[in-house]
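Comments concern the structure below.
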Amino acid sequence: MSEEKSLNFLEEIIEEDLKSGKYTSIATRFPPEPNGYLHMGHASSICLNFGLSKKFGGFTNLRFDDTNPTTEETEYVESIKEDVRWLGFEWKNELYASDYFDTLYAYAVKMIRLGLAYVDDSTSEEMATMKGTPTEAGKDSPFRTRSIEENIDLFERMKNGEFPDGSHTLRAKIDMAHTNMLMRDPVLYRIKHAHHHRTGDKWCIYPMYDMAHGQSDSIEQITHSICTLEFVPHRELYDWLIEKLEIYPSHQYEFARRNINYTVMSKRKLLQLVNEKHVEGWDDPRMPTISGVRRRGYTPESIRDFCDRIGVAKRENIVDIGLLEFCVREHLNKIALRRMVVFDPVKVVLTNYDEDKVELMHSENNPEDPNITHREIPFSRELYIEREDFMENPPKKYFRLAPGQMVRLKSAYIIRCDEVVKDAEGKITELRCTYLPESKSGNDTSTIKVKGTLHWVSVSHAVTVEVRLYDRLFQVEDPSSEEGDFKDYINKDSLQVVKSAYAEPALKTAKFDERYQFIRKGYFCLDKDSSEDGVVFNRTVTLKDTWAKEQQKA
Ligand code: ATP
Ligand code: MG
């Protein structure tokens, strides 16, 4: 039996709301602005919003927060939908804040009629000077006392395109001395003559975040509107507008943004990495985007597990990337097919093995799988092993291959190294070895115990593949808080390419939806750059946390 996890603070609130009968079911929404690709921070918000409605009964809407016409693109909308689905969630409705532009306009008119909004002709600079400071009250705008009729007329003319950008705004009439600066007559609508990705040129005035978000929540009857901590000061305005408009009372709850170390998680910064070509694109496997980690081979299961483990908090903190990698390894260990690939080969010649002989070695696809299946791996006289698995003058306790020393070749035989052949420069070109025929794996009668087991491939059967090895994109834990530009801290060695690695033949038919463990090398997946001309693999994650060990040594 798994241990019952205690509820987080949002779950406690919801449980209470259901118990008290305030709601009979709940509704949440995930509200991305379509101005970039989603990242792991969004993944945590997705898992939270969709997870809550799943757990407590109800639904989650996918709502594109597309009130800013100049930065939003359809490409982003499509990628966001793909990412949410890939994470394993299905929304009830696909909605756009722009769907509500007519309703929001009517709400604004209602505010004017209530005497709670006015058109201001002040420039943004003038407004800023009149705003005051946290310790000093602001000043009323000279346009604050306009009559309702005049405001109605001006607002309509704003909508009709009679005025240029920045010449007028619609502001709420609240209190210029309010202790919450956001309540000092916030701007509700601004003029922006810009083409919108969905409404085209219909509008030249657009609602501000505060005049759109809570109202959209209300229209959709969202019960729990969950956002990140920077919106805490907005809550008062959120509630004020809902109260004055007398619309469905959605409620806002805040949790801490999730960040991960050794990376950056802001669309603006990620866009810079893409535009300035520090990475190949939004889906570069080193990117913390959902499309990046997907291409890298992370699984939706492991990401959901990670988001679940980090949970929600009320205070900002940075989560260790090691925890994410741990979750990825945990899942991949269960599902990955074991394969052998030699990255940097040295040839082994078995002098007592017949030249034309080929044996098919039987090897488990995955020992963790309850229904174990096998594959066959061709074995012959000439093999490749990893160059680093041989040492001519080994230290004590070196259990790999060395002159006169024995090792087991995985799923095959025990071999002993008899002779080292070198070229004119002294580079080792061949290891002449003998194999022990009675030591065949599964039928070993040799009674010899060896401590090292090496991976190998048969030279004439091996397939050449490209392998891409990734490291952290940044050298420091929190690049955004360092001095200077965050891009100064990019790890220049974050990508290492092995142009020709030698793989066992089973990898010729590698599939995109399969995951592989290259024995002793890490977890890998097929990359989209693979073609008829060449197969490319990404290393998803190493087998153990080698980074931590390197850090200790340094
Ligand atoms: P960015 O700063 O990367 O542009 P954003 O908050 O502007 O992020 P939105 O598209 O507005 O991005 O966010 C959609 C939802 O995802 C919001 O509810 C937002 O609060 C949430 N979100 C964004 N980043 C994180 C994060 N790092 N951790 C948790 N939730 C996040
Ligand atoms: Mg935003």
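Take the sequence shown: its position 45, counting from 1, is numbered 983 in the working numbering, and each next residue is one higher.
Note that CB positions come from ideal geometry on N, CA and C, so glycine has one too.
A quick note: this is a predicted structure, and the numbers were derived from the prediction, not measured.
Original post:
Just reading off the alpha helix (DSSP H) that Val1296 is part of, what are its end residues?
Top reply: The residue you call residue 1296 lines up with position 358 of the sequence shown. Per DSSP, Val1296 belongs to no alpha helix (DSSP H) and is neither H nor E.
Subject >> Pro970 CB to nearest heavy atom of the ligand ATP below 6 Å >> reply: Position 32 of the sequence shown, counted from the start, is the residue given in the question as residue 970. For the ligand ATP, at least one heavy atom lies less than 6 Å from the Cβ of Pro970.
Original post:
Roughly how far, in whole angstroms, is the beta-carbon of Leu990 from the beta-carbon of Thr966, given that I think they are within contact range, below 8 Å?
Top reply: For the purposes of this step, residue 990 is identified with residue 52 of the sequence shown, where counting begins at 1. For the purposes of this step, residue 966 is identified with residue 28 of the sequence shown, where counting begins at 1. Indeed, because the Cβ distance is near 6 Å, the residues count as touching under 8 Å.
Subject >> Same chain only: Cβ atoms within 6 Å of Asp1059, ignoring 5 sequence neighbours per side >> reply: Along the sequence shown, read from residue 1 onward, the residue named residue 1059 stands at position 121. These residues qualify, in order along the chain: Phe1081 and His1106.
Original post:
Under the criterion of a Cβ to heavy atom distance below 6 Å, does Ser1531 qualify as lining the ligand ATP?
Top reply: There is simply no residue 1531 to check, as the chain begins at 939 and stops at 1492 in what is shown.
Original post:
Roughly how many whole angstroms lie between the Cα atoms of Ser940 and Glu949?
Top reply: The sequence position of residue 940 within the sequence shown is 2, counting from 1. The sequence position of residue 949 within the sequence shown is 11, counting from 1. Residue placement at Ser940 is flagged as unreliable, the pLDDT there being 45, under the threshold of 50; the coordinate-derived value follows with that caveat. One C-alpha to the other measures close to 19 Å.
Original post:
Excluding sequence positions up to five away, which residues of its chain have a Cβ less than 7 Å from the Cβ of Tyr1236?
Top reply: Along the sequence shown, read from residue 1 onward, the residue named residue 1236 stands at position 298. Excluding sequence neighbours, Tyr1236 sits near Val1266 and Thr1478.
Original post:
Is there at least one non-hydrogen atom of the ligand ATP closer than 6 Å to the beta-carbon of Gly979?
Top reply: Indexing the sequence shown from 1 puts residue 979 at position 41. Within the cutoff, so yes.
Subject >> Proximity test, Met1203 beta-carbon vs the ligand ATP heavy atom, cut-off 6 Å >> reply: Residue 1203 sits at position 265 when you count from the first residue of the sequence shown. For the ligand ATP, at least one heavy atom lies less than 6 Å from the Cβ of Met1203.
**OP:** Return the Cβ separation of Phe1027 and Phe988 in integer angstroms, given the expectation that the two are a contact with Cβ distance under 8 Å.
**Re:** Start at 1 with the first residue of the sequence shown, and residue 1027 comes out as number 89. Start at 1 with the first residue of the sequence shown, and residue 988 comes out as number 50. So it is a contact: roughly 4 Å between Cβ atoms.
Subject >> Identified DSSP bridge partners for Cys1371 >> reply: By 1-based counting over the sequence shown, the position of residue 1371 is 433. Its beta-bridge partners are Leu1288 and Cys1355.
Subject >> Identity of the residue in Glu1376, Gly1364, Val1401 and Gly996 nearest Ile1160 by Cα >> reply: Position 222 of the sequence shown holds residue 1160. Of the listed residues, the one whose Cα sits closest to Ile1160 is Gly996.
Subject >> Backbone CA spacing between Val1435 and Cys1371 [nearest angstrom] >> reply: Indexing the sequence shown from 1 puts residue 1435 at position 497. Indexing the sequence shown from 1 puts residue 1371 at position 433. In a straight line, the C-alpha of Val1435 is about 31 Å away from that of Cys1371.
Original post:
For Ser1469, which residues does DSSP report across the bridge?
Top reply: The residue you call residue 1469 lines up with position 531 of the sequence shown. The partner list for Ser1469 (beta bridge, DSSP) reads Gly1472.
Original post:
Looking at Arg1195 and the ligand ATP, is the gap between the Cβ and the nearest heavy atom below 6 Å?
Top reply: The count along the sequence shown starts at 1 and reaches residue 1195 at position 257. Yes, the ligand ATP has a heavy atom inside 6 Å of this Cβ.
**OP:** Could you give the DSSP three-state label for Thr879: helix, strand or coil?
**Re:** Nothing in the structure corresponds to residue 879, since the chain is present only between 939 and 1492.
Original post:
Alpha carbon to alpha carbon, how far is Ser983 from Ile1353?
Top reply: Walking along the sequence shown from the start, residue 983 turns up at place 45. Walking along the sequence shown from the start, residue 1353 turns up at place 415. The alpha-carbon atoms of Ser983 and Ile1353 are separated by roughly 54 Å.
Original post:
Pick from Pro1102, Val1125, Met1114 and Asp1155: whose alpha carbon is nearest that of His1131?
Top reply: As a first step, residue 1131 must be located in the sequence shown, where it is residue number 193. For His1131, the nearest C-alpha among the options comes from Pro1102.
Original post:
Nearest-angstrom Cα distance between Tyr1351 and Ser1468?
Top reply: Along the sequence shown, one-based indexing puts residue 1351 at 413. Along the sequence shown, one-based indexing puts residue 1468 at 530. Each residue's alpha carbon lies about 33 Å from the other.
Original post:
Is any heavy atom in the ligand ATP found nearer than 6 Å to the beta carbon of Ser982?
Top reply: Taking the first residue of the sequence shown as 1, we reach residue 982 at position 44. Yes, Cβ of Ser982 sits closer than 6 Å to a heavy atom of the ligand ATP.
Subject >> Asp1221 versus Tyr975, Glu953 and Lys1077, residue with shortest Cα-Cα distance >> reply: Walking along the sequence shown from the start, residue 1221 turns up at place 283. Residue Tyr975 is the option with its Cα nearest to Asp1221.
Subject >> Thr1012 beta carbon near the ligand ATP (any heavy atom closer than 6 Å) >> reply: Mapped onto the sequence shown, residue 1012 falls at position 74. Thr1012 Cβ: outside cutoff for every heavy atom of the ligand ATP.
Original post:
DSSP three-state call for Glu1314: helix, strand or coil?
Top reply: On the sequence shown, residue 1314 is found 376 positions in, with the first residue counted as 1. Three-state result, Glu1314: strand.
Subject >> Where Asp1471 falls, given that 16 or more other Cβ within 10 Å makes a residue buried >> reply: Locating residue 1471 in the sequence shown gives position 533, counting from the first residue. Looking at its Cβ environment, which holds fewer than 16 other Cβ atoms inside 10 Å, Asp1471 is exposed.
Original post:
Looking only at its own chain, which residues have a Cβ that is under 7 Å from the Cβ of Pro1007, when we skip the five neighbours before and after it?
Top reply: Working through the sequence shown from its first residue, we reach residue 1007 at position 69. So the list reads Lys1130, Ala1132, His1133, His1134 and Tyr1144, once near-sequence residues are dropped.
Original post:
Can the beta-carbon of Asn1303 be found closer than 7 Å to that of Arg1319?
Top reply: Numbered from its first residue, the sequence shown carries residue 1303 at position 365. Numbered from its first residue, the sequence shown carries residue 1319 at position 381. No, they are not a contact pair.
Original post:
With burial defined as no fewer than 16 other Cβ atoms inside 10 Å of the residue's Cβ, what is the status of Gly1230: buried or exposed?
Top reply: Your numbering for residue 1230 matches position 292 in the sequence shown. Buried, because 16 or more other Cβ atoms sit within 10 Å of the Cβ of Gly1230.
Original post:
What are the boundary residues of the alpha helix (DSSP H) that includes His1151?
Top reply: Taking the first residue of the sequence shown as position 1, residue 1151 is located at position 213. Taken as a continuous stretch (DSSP letters only), the alpha helix (DSSP H) holding His1151 covers Tyr1147 to Ile1157.
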